[in-house]
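I have placed the structure first, in the form of structure tokens, so that the comments after it can refer back to it.
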Amino acid sequence: MYRRRRLVVIVGTLVIVLAVLLVGGFAWPGFWRSEAPPPQPQPVPTVTVTAPVPTPTVKAVDRSGDESAFQKALPSAVLQFALGSLAEAKEPKGQGALEAWNAEYTDGGSGEVALVAGQWATEDEAGEAAAAWTSAAGEAEREGDVKVGKKVVGQYAIVPAKGGKAVVVWQNGTAVLRATGPADAMEDFYAAFPL
Numbered sequence: 001m002y003r004r005r006r007l008v009v010i011v012g013t014l015v016i017v018l019a020v021l022l023v024g025g026f027a028w029p030g031f032w033r034s035e036a037p038p039p040q041p042q043p044v045p046t047v048t049v050t051a052p053v054p055t056p057t058v059k060a061v062d063r064s065g066d067e068s069a070f071q072k073a074l075p076s077a078v079l080q081f082a083l084g085s086l087a088e089a090k091e092p093k094g095q096g097a098l099e100a101w102n103a104e105y106t107d108g109g110s111g112e113v114a115l116v117a118g119q120w121a122t123e124d125e126a127g128e129a130a131a132a133w134t135s136a137a138g139e140a141e142r143e144g145d146v147k148v149g150k151k152v153v154g155q156y157a158i159v160p161a162k163g164g165k166a167v168v169v170w171q172n173g174t175a176v177l178r179a180t181g182p183a184d185a186m187e188d189f190y191a192a193f194p195l
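Counting in UniProt numbering, the sequence shown runs from 1 upward without gaps.
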């Protein structure tokens, strides 16, 4: 008899536990099933389309082999512009430049960039010349640091000019350059110029 009571108690307990589970499963939402988190939207891959770097459609002038290191540093092509002429410049020499050049770059059409490049003995002298050239060009629309790697080697300024043109003046160490040309191309011209 004692065994029978024990069996009844065990079966009764199991029935009660089963009843609690069944009632809990139907009455309490989510008791039996776990809510899966809503699916995360997959990010759409971004596609960056980069146009090829423009190249000149005209041939650059032939350069003599007898050039100074500074003269050789002036490129024969910058983006779509090819070197059309290169001659000694007098104005920067009057301002103390050791060496100076006028360079004309052309795209073969209406796009022309006039470049004046000078090299001074010290960075301080070059900085003074760059400030004077920027001041003479007008009020800068945009200015910033010229960097080689992470090192600041000078400043640049972009100044709007008449007739849809712009002037960019920049200093890179002891070199100072001033480029005048189409306003929509001058920032790219400056950024692509290797000096």
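Every residue gets a Cβ at the ideal spot worked out from N, C-alpha and C, and that includes glycine.
Note that the coordinates shown come from a computational prediction; the quantities given were computed from them, not determined experimentally.
Q) Who are the Cβ neighbours of Ile158 in its own chain at under 7 Å, not counting the five residues just before and after it? A) Cβ neighbours of Ile158 within its own chain (closer than 7 Å, five residues either side excluded): Ala140, Glu141, Arg142, Ala166, Val168, Met186 and Glu187.
Q. Which whole-angstrom value is the C-beta distance of Leu79 and Pro54, which I expect to be below 8 Å?
A. Distance from Leu79 to Pro54 at the Cβ level is roughly 5 Å; contact confirmed, criterion being Cβ atoms closer than 8 Å.
Q. From the DSSP output, which residues share a beta bridge with Phe81?
A. According to DSSP, residue pairing for Phe81 in a beta bridge involves Val78.
(Q) Just to confirm, is the Cβ distance from Ala183 to Gly154 under 8 Å? (A) Result no, Cβ atoms of Ala183 and Gly154 do not sit closer than 8 Å.
Q: Tell whether a beta-carbon distance below 8 Å holds between Ala100 and Ala117.
A: When the beta-carbon positions are compared, Ala100 and Ala117 come within less than 8 Å of each other.
Q: Could you spell out where the alpha helix (DSSP H) holding Glu91 opens and where it closes?
A: From DSSP, the alpha helix (DSSP H) with Glu91 extends over Glu91 to Gly94.
Q: Ignore the nearest five residues each way along the sequence and tell me which others in Leu83's own chain have a CB closer than 8 Å to its CB.
A: Ala60, Val61, Arg63, Leu74, Pro75, Ser76, Ala77, Ala103, Glu104 and Tyr105, listed in sequence order.
Q. Short check: CB of Glu91 to CB of Gly181, under 8 Å?
A. The Cβ atoms of Glu91 and Gly181 do not sit closer than 8 Å to each other.
Q. Relative to the C-alpha of Gly94, which residue among Val146, Pro160, Val15 and Trp133 is closest?
A. With distances taken between Cα atoms, Gly94 lies closest to Trp133.
(Q) Judging by CA-CA distance, which residue of Val44, Ala179, Phe70 and Ala19 is the nearest neighbour of Leu161? (A) The amino acid occupying residue 161 in the given sequence is Ala; Leu does not appear at that position. Between Ala161 and the set Val44, Ala179, Phe70 and Ala19, the nearest pair of CA atoms involves Ala179.
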